[in-house]
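Worksheet: one structure, shown below.
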Ligand SMILES: [Mg+2]
Ligand SMILES: [Zn+2]
Ligand SMILES: [Zn+2]
């Protein structure tokens, strides 16, 4: 069983099942509603008949001979006393009734029309369109024919009363026709309808006067043509509806006569599905394995809902047969028939609108067949698409800057629970024995072993030493010991590759492969530079880990999914992993004013990098002590031949020549998480391994730098001198005055409206403008008083966190609060709060916050601020749910598209969606990012020529295929020191 | 009425000759009906396009300069 080859599904056909097929596959006919006899044995030909499969362990299946667990169970069948309609096909039945002749059962289409629809169906099939559109049109066309084109029979309307009743509706002459005609001839003065004399009627209808009189006396029933003429002349309705219920047996007879070629026009393959099979004469009984009974604690048996339902069906079926044999009146037979229909219907679907659901004795609605399949917890979404998975772990995450970005810290208690399968060979047998000997509880141990004969053994504290062959007893006790051919499920150890994930998994980088580092305590640890791709923070976020269980998966994860392979985002082609927050502040402090460091300090900055020897000093200071500048220290991390120029976030030009940082500030534009130029360039030109090393080192260097200088922020950093506060107050007072002037002008009617705006709108706009300018001015005043080394300024300028707005709100003025893009207008009648006069238009009354966060808000300001803040929260809540749903729809729509080896993108039916992937056949991550600069063709050509002409031997190597030295474990890197010096001793 | 086919953002649509179509179908190993579709009443279609024709659309591309797409006209 274990090594059975997987099989390919060639094709799946859907069709109806023939009653004969139900009988053929049935293990037994079920005739009695009883389940077990008094001794607790299942009754023969009852619902628990042992031929339907076994659920009790130890018993043998009477049909296949297998035991419980390996026997899948076998269907039985019930012979229904009368045919009933299958609820799943009521719409199709209605369509067929409407589209075929009530007498000869042929499709009500002429030969030409048939050909036409046949061709349309073929066309639709080829184009992969919905056949329903064509078949619906065919039925619509067929319904238009009142008479059968083949036998001439008049057709009646079919009415469908949900769920399973069909009527034929015939329009027949009402019995009160004479009264109705006479009444209409009276006319109606109120409504202005004139009297009609019999003479006039005779003239209008072309019926002889004597006939009219006969009709009026009721002694002659008008023919159809005459009836219509009279109806038209008097605009009355002389018909009554006469409904005639179609019993399932009638429908079955009707359908049996539909010729095969006629239903093919409706897209039905007659070979596979005859329409009469939609009317059930045999009901399959699911095997007991699909409806196991359970024994309660008190020894009582409790049956499955399906079994209950089947009991009902059998009972009614029996009563039906008894009554019919006894010659019961038609009315009783019909009632029983309807009851049987109800039970069969609810057996398949117990949530049909208009039908009361079948209930358990306790009043709970029964869970029948379609309830098992439907919905989130149903078989499809609950059991098949969304299964709970083994070898997974979930816990809180916390940061660890000492890890490489490729790594994940795994708590030891997780590492001892989750295992990797180790195939024992002669080469690793000693290691394997050591794992087993350690037992299941001490860290690099093992939890299970599998012997070559396939037996799986649990490793316990007691047997671990013996299994490893490290005691003397095993030979005497006959215990086999671990050796080649065994499998050992060992604990996770450092260097294992695992998959790591944070929900919502919205993009590729939400699931990446990491290397394990086993650690104490209870949280997963990750380097802070991988926060952006996961969108993780450490305020209680949890993440999932999955241990990979075969070599193929592990190789695939290492090559394709490792974090370093995801540095460039496929969304915009730039790097999504890079320095964040304090890293940026750190590099800014290190490079902005290019400070000097003595030897000890410089070595301390670089101590967590590969650099263990300082370069030549940048210079000698006045006291004769050598010093190194921040930029020179930073340059140590760059590849030797990197040349680059760009504008930094702080606005200066960064120049890097041959791996030397010459000038400019390194900030978020250089090493940041979203398109940091240096990271981007290194990744694209030197490969992902070099980029990983660079990002790891830049983050550790930055942390050392920020710790060297010290970086903190407090309330004093946002406090401005009294003189500045006074100026700000003045500015705001001016703005208030200006606003009041505007209001007065408006009230005097002197305000001129802007084009396309009403006066009130114009006033609002002008007030908003004035107040916005006031806030800006206040900000500018505040800003003047902050030094360049103010931490908030450093963070804003370097792009580490926050912006100037945050600073000005803290120090200057918080400004106008808005709801829906307008000043705050809601609350009471004609005013925002009861503290203000009605129709007060002033700045204060509509949510302008004059104060700064450091100065503190007044209670009213605070309230307005909360209103504005609330809107933001509601917005994000609404947006995430909306975009989540949109994402789900998009992914479901696109999930089956695949880029093929010929460069096309096709769906599963091989229909082409794009002739070239993305219309250019390029991967965004392989293309130079940014629209502003073109691809450096010359630079690329130079590099290629260099490689080609240096020496013949090197050229040979250049032309020969050289594997890039990537995708080795960082733990394996140390063994490759000689071959790839650059890739070696990071962190 | 505005003729959208003249708009600068609407790429060039031309009816392709049968032999070109055959070459395309062979290159991608597909039937004509496996091509992407375009509605007969699409305003960007040239006047002489009929249902069943194959249309070549040439788009400008930032990365590939020109991107060529074929579509089958359907009703
Ligand atoms: Mg969080
Ligand atoms: Zn069996
Ligand atoms: Zn007929």
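Residue numbers (this note's numbering), protein chains in the order written: chain A, 346 to 1332; chain B, 26 to 100. Note that the Cβ used here is the ideal one computed from N, Cα and C, for glycine as well.
* Would you say residue 587/A touches ligand 3, meaning its beta carbon is less than 7 angstroms from a heavy atom? -> Locating residue 587/A in the first chain gives position 242, where the first residue counts as 1. False, no ligand heavy atom lies under 7 angstroms from that Cβ.
* Answer with yes or no whether the minimum CB distance from residue 60/B to chain A is below 8 angstroms. => Numbered from its first residue, the second chain carries residue 60/B at position 35. With 8 angstroms as the cut-off, residue 60/B counts as an interface residue toward chain A.
* For residue 905/A, count neighbouring Cβ atoms within 10 angstroms of its own Cβ and tell me buried if that reaches 16, exposed if not. => The residue you call residue 905/A lines up with position 560 of the first chain. With fewer than 16 other Cβ atoms within 10 Å, it is exposed.
* **Beta-carbon contacts of residue 1099/A that lie in its chain and below 6 angstroms, excluding the five residues immediately before and after** => For this step, residue 1099/A is matched to residue 754 along the first chain. Cβ neighbours of residue 1099/A beyond the five flanking positions: 1107.
* Asked: Would the C-beta of residue 451/A count as close to ligand 3, meaning under 7 angstroms from any of its heavy atoms?
  -> In the first chain, counting from the first residue as 1, residue 451/A sits at position 106. True, at least one ligand heavy atom lies under 7 angstroms from that Cβ.
* To do: Would you kindly work out how many angstroms separate the C-alpha atoms of residue 640/A and residue 737/A, rounded to a whole number?
  => The residue you call residue 640/A lines up with position 295 of the first chain. The residue you call residue 737/A lines up with position 392 of the first chain. The alpha-carbon atoms of residue 640/A and residue 737/A are separated by roughly 33 angstroms.
* Going by beta carbon distance, what residues of the same chain come within less than 7 angstroms of residue 408/A, once the five residues before and after it are set aside? -> The residue you call residue 408/A lines up with position 63 of the first chain. If we look at residue 408/A and ignore the five residues flanking it on each side, its Cβ neighbours are 372, 396 and 419.
* Asked: So what's residue 1072/A in DSSP terms, helix, strand or just coil?
  -> Position 727 of the first chain, counted from the start, is the residue given in the question as residue 1072/A. Residue 1072/A falls in the helix class under three-state DSSP.
* What residues in the region 69 to 89 of chain B bring their beta carbon closer than 9 angstroms to a beta carbon of chain A? -> 84, 86, 87, 88 and 89
* Contact check, residue 367/A vs residue 629/A under 8 angstroms by CB: the rounded distance? -> In the first chain, counting from the first residue as 1, residue 367/A sits at position 22. In the first chain, counting from the first residue as 1, residue 629/A sits at position 284. Right, their Cβ atoms sit about 5 angstroms apart.
* **Contact set for residue 75/B: own chain, Cβ-Cβ below 7 angstroms, skip 5 residues either direction** => The count along the second chain starts at 1 and reaches residue 75/B at position 50. If we look at residue 75/B and ignore the five residues flanking it on each side, its Cβ neighbours are 98.
* Rounded separation between residue 617/A and residue 393/A - CA only -> Along the first chain, one-based indexing puts residue 617/A at 272. Along the first chain, one-based indexing puts residue 393/A at 48. Taking the straight line from one Cα to the other gives about 31 angstroms.
* chain B partners of residue 1257/A, CB-CB under 7 angstroms? -> On the first chain, residue 1257/A is found 912 positions in, with the first residue counted as 1. The contacting residues are 53, 55, 59, 60 and 61.
* Asked: Looking at the C-beta of residue 628/A, does it have a partner C-beta in chain B at a distance below 8 angstroms?
  -> Residue numbering aside, residue 628/A sits at position 283 when the first chain is read from its first letter. For residue 628/A, the answer is no, since every Cβ of chain B falls outside 8 angstroms of its Cβ.
* Asked: Going by DSSP, what residues sit across from residue 540/A in a beta bridge?
  -> On the first chain, position 195 is the one that residue 540/A refers to. Its beta-bridge partners do not exist; DSSP assigns none.
* Asked: From which residue to which residue does the beta strand (DSSP E) around residue 63/B run?
  -> The residue given as residue 63/B occupies position 38 in the second chain. 62 to 64 is the extent of the beta strand (DSSP E) around residue 63/B.
* Asked: residue 99/B touches chain A at which residues, Cβ-Cβ below 8 angstroms?
  -> Stepping through the second chain from its first residue, residue 99/B is reached at position 74. Neighbours of residue 99/B on chain A, chain order: 472.
* To do: Please decide whether residue 48/B counts as near chain A, where near means a Cβ-Cβ distance under 8 angstroms.
  => Position 23 of the second chain, counted from the start, is the residue given in the question as residue 48/B. Not an interface residue.
* **is_contact[residue 1267/A, chain B] using C-beta, thresh 8 angstroms** => On the first chain, position 922 is the one that residue 1267/A refers to. With 8 angstroms as the cut-off, residue 1267/A counts as an interface residue toward chain B.
* **Rounded straight-line distance, which links the Cα of residue 1150/A to that of residue 1044/A** => Indexing the first chain from 1 puts residue 1044/A at position 699. Indexing the first chain from 1 puts residue 1150/A at position 805. Each residue's Cα considered, the two are about 27 angstroms apart.
* **Nearest-angstrom beta carbon gap, residue 1158/A and residue 1215/A [assumed within contact, 8 angstroms]** => In the first chain, counting from the first residue as 1, residue 1215/A sits at position 870. In the first chain, counting from the first residue as 1, residue 1158/A sits at position 813. No, residue 1215/A and residue 1158/A are not in contact; Cβ-Cβ is about 21 angstroms, not under 8 angstroms.
* Neighbourhood of ligand 2 [Cβ distance below 6 angstroms to any heavy atom], ordered by chain position -> 398/A, 406/A, 408/A, 409/A, 411/A, 416/A and 419/A
* Asked: Is any beta-carbon of chain B found at less than 8 angstroms from that of residue 600/A?
  -> In the first chain, counting from the first residue as 1, residue 600/A sits at position 255. Closer than 8 angstroms: no.
* Asked: By Cβ distance, which residues of its chain are closer than 7 angstroms to residue 615/A, with the 5 residues on each side in sequence left out?
  -> As a first step, residue 615/A is located in the first chain; it is residue number 270 there, counting from the start. Contacts found: 605, 608 and 609.
* Asked: Within the chosen definition, does the region 426 to 446 of chain A reach the region 590 to 602 of chain A through at least 3 CB pairs nearer than 8 angstroms?
  -> yes
* Asked: Using a beta-carbon distance below 8 angstroms, is residue 95/B in contact with chain A?
  -> Translated into the one-based positions of the second chain, residue 95/B becomes position 70. Yes, because at least one Cβ of chain A sits closer than 8 angstroms to the Cβ of residue 95/B.
* Going by the beta-carbon positions, is the gap between residue 399/A and residue 416/A smaller than 8 angstroms? -> Here residue 399/A refers to the residue found at position 54 when the first chain is read from its first residue. Here residue 416/A refers to the residue found at position 71 when the first chain is read from its first residue. Their beta carbons are under 8 angstroms apart, which means residue 399/A touches residue 416/A by this criterion.
* Nearest to residue 953/A by alpha carbon, out of 927/A, 1041/A, 986/A and 675/A? -> Counting from 1 along the first chain, the entry for residue 953/A is found at position 608. Ranking 927/A, 1041/A, 986/A and 675/A by Cα distance to residue 953/A puts 1041/A first.
* Cβ of residue 548/A versus every heavy atom of ligand 5: is any distance shorter than 7 angstroms? -> The ligand content of the structure shown is limited to ligand 1, ligand 2 and ligand 3, which means ligand 5 is not among them.
* Mind checking who residue 973/A pairs with in its DSSP beta bridge? => Stepping through the first chain from its first residue, residue 973/A is reached at position 628. Its beta-bridge partners are 942/A.
* Nearest chain B C-beta to residue 917/A closer than 8 angstroms, yes or no? -> Here the question's residue 917/A lines up with position 572 in the first chain. Answer no: the Cβ-Cβ gap between residue 917/A and chain B never drops below 8 angstroms.
* To do: Output the residues surrounding ligand 1, defined as those with a CB atom closer than 6 angstroms to any ligand heavy atom, in chain order.
  => 882/A, 884/A and 886/A
* Classify residue 780/A as buried or exposed, calling it buried when 16 or more other Cβ atoms lie within 10 Å of its own Cβ. => Position 435 of the first chain holds residue 780/A. Buried is the call here.
* Pick out whichever of 526/A, 622/A and 493/A has its Cα sitting closest to the Cα of residue 578/A. => Reading the first chain from its first residue, position 233 is the one you call residue 578/A. That would be 526/A, whose Cα lies nearest to the Cα of residue 578/A.
* State the start and end residues of the unbroken beta strand (DSSP E) segment that holds residue 864/A. => Numbered from its first residue, the first chain carries residue 864/A at position 519. 856 to 864 is the span of the beta strand (DSSP E), which, as asked, contains residue 864/A.
* Mind pulling the chain B residues with CB within less than 8 angstroms of residue 1261/A? -> In the first chain, counting from the first residue as 1, residue 1261/A sits at position 916. Those are 89 and 92, listed as they occur along chain B.
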